[in-house]
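Each residue of the sequence shown is one higher than the one before, starting from 134 at the first, in my numbering.
So the structure is just underneath, and the comments pick up after that.
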Amino acid sequence: MSNNPIKQLTSPMEIAACAGESVSKFFADADGLKGQKRRMANWEAKQICHRCPLMKPCLRYALQTNQVFGVWGGKTEAERAQLQQVRKLIFPGGR
Ligand code: SF4
134 MSNNPIKQLT SPMEIAACAG ESVSKFFADA DGLKGQKRRM ANWEAKQICH RCPLMKPCLR
194 YALQTNQVFG VWGGKTEAER AQLQQVRKLI FPGGR
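Shown next as structure tokens:
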């Protein structure tokens with residue numbers, strides 16, 4: 134058996150930094166928060182994402198599956214929409 138604790142884990146959720154965090158922190162938009170409260174929740178969620186080892190695959194998944202709500206991979210829904218627009222400009226045929 135490996136001595137590397139990460140290799141002994143069985144689920145990505147065991148290493149996700151958001152495991153055990155409040156879901157509403159990541160889905161302030163779906164919860165209907167607005168203004169400063171929404172910005173604060175998004176900021177807190179993004180701080181958690183930025184220390185998560187799954188940040189890149191999480192963002193990739195959100196983009197590939199067109200997740201409409203929430204902070205995924207350190208990006209809000211508005212930031213992901215901007216990334217999708219850039220992606221369409223670079224790869225107009227879709228990729
Ligand atoms: S990057 Fe994804 S898995 Fe990691 S903390 Fe953020 S939302 Fe959770």
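Beta carbons: idealized from backbone N, C-alpha and C, even for Gly.
Remember, it's a predicted structure, so these values are computed and weren't measured experimentally.
Whole-angstrom distance between residue j and residue i, CA atom to CA atom
i      : j      : result
MET188 : GLY203 : 14 angstroms
GLY168 : SER155 : 19 angstroms
GLN218 : ILE148 : 30 angstroms
GLY227 : ASN175 : 29 angstroms
PHE159 : LEU216 : 19 angstroms
MET134 : LYS170 : Caution applies to MET134, whose pLDDT of 45 falls short of 50 and renders its modelled position unreliable; the value that the coordinates give is listed next. One C-alpha to the other measures close to 46 angstroms.
PRO225 : SER157 : 35 angstroms
GLU177 : GLY153 : 14 angstroms
Reference residue i; option with closest CA among the options
i      : options                        : result
ALA163 : PRO190, LEU222, ALA211         : ALA211
CYS151 : LEU166, GLY165, GLN180         : GLN180
TYR194 : SER144, ARG213, ALA161         : ARG213
GLN197 : ARG220, GLU177, GLY153         : ARG220
MET146 : PRO190, ALA161, LEU222, ASN199 : PRO190
Residue i - partner residues in DSSP beta bridges
i      : result
LYS208 : TRP205
Residue i: CB within 7 angstroms of a non-hydrogen atom of ligand 1
i      : result
PHE159 : yes
TRP176 : no
Below-8 angstroms beta-carbon distance, residue i vs any chain D residue
i      : result
ARG171 : Considering every chain present, this structure includes no chain D. It has just one protein chain.
- Message: Check whether the segment 207–225 and the segment 174–186 touch, using three or more Cβ-Cβ pairs below 8 angstroms as the test.
- Response: Contact holds: three or more Cβ-Cβ distances are below 8 angstroms.
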